[in-house]
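Chemist: Heads up: the first sequence at position 141 corresponds to 141 in full-length UniProt numbering, and the numbers run straight through without jumps.
By construction, the Cβ of each residue, glycine as well, lies at the ideal position given by its N, Cα and C atoms.
Dumping the structure here so I can ask a few things about it.
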Amino acid sequence: MRAAVVAAPRGLRRFFCTNSSSASPSFPFIPSPPSSATPAPARQMADPNTNLFVSGLSKRTTTEKLREEFSKFGEVVHARVVTDRVSGYSKGFGFVKYATIEEAAKGIEGMDGKFLDGWVIFAEYARPRPPPGQPVNDNAPQYGRQ
DNA sequence: CGTGAGCGA
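The structure is reproduced here in structure tokens:
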């Protein structure tokens, strides 16, 4: 099913941005942040953290399988496949928490765009999540709203 | 519709 390839989020950057050599032999960096408008929404990927967001999982992929696959690239502190409380089935994505950021990067580079249960999975840094310790306050929305 | 975009009880 090529639908999985079409439904790829930001993970397809690897296929188009096949950089490696002959990138920019003149400018190692880009010293032009405030050019004119904001052509860089920076919404491609969240900040590097030990939390990983894995998408493209098969419906039959469970937390154990996810932890097993990601444990090969580093020590997985916590892994969870998001499932519905009422139905009980997987939502098709999950989260993997590594011990360090380097291991998280290894997990992304090692499992992003790979196959799992016959489906192409995509791994990237997860977004920050509000801790469940704070009780309800005003209708203050989360900062992670796009 | 367990037929596929996405961020978690």
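Residue 49 by DSSP, collapsed to three states: which one?
Modeler: Coil.
Chemist: Determine whether the beta carbon atoms of residue 77 and residue 99 lie at a separation below 7 Å.
Modeler: Yes, Cβ-Cβ distance for residue 77 and residue 99 is below 7 Å.
Chemist: Buried or exposed: which applies to residue 118, given that a residue is buried once 16 or more other Cβ atoms fall within 10 Å of its Cβ?
Modeler: Label assigned to residue 118: exposed.
Chemist: Whole angstroms is fine: what's the gap from residue 66's alpha carbon to residue 131's?
Modeler: Answer to the nearest angstrom: the Cα atoms are 23 Å apart.
Chemist: Compare the beta carbon distance of residue 73 and residue 107 with 7 Å and say whether it is the shorter of the two.
Modeler: Yes, they are a contact pair.
Chemist: Do you know whose CA, among 97, 129, 125 and 120, lies nearest residue 75's CA?
Modeler: Of 97, 129, 125 and 120, the residue nearest in Cα terms is 97.
Chemist: Determine the DSSP secondary structure at residue 79, reduced to helix, strand or coil.
Modeler: Three-state result, residue 79: strand.
Chemist: Taking the beta strand (DSSP E) that residue 71 falls in, what are its first and last residues?
Modeler: It is not in any beta strand (DSSP E) - residue 71 instead sits in the alpha helix (DSSP H) that spans 63-71.
Chemist: What would DSSP say about residue 92, mapped onto helix, strand or coil?
Modeler: Correct three-state label for residue 92: strand.
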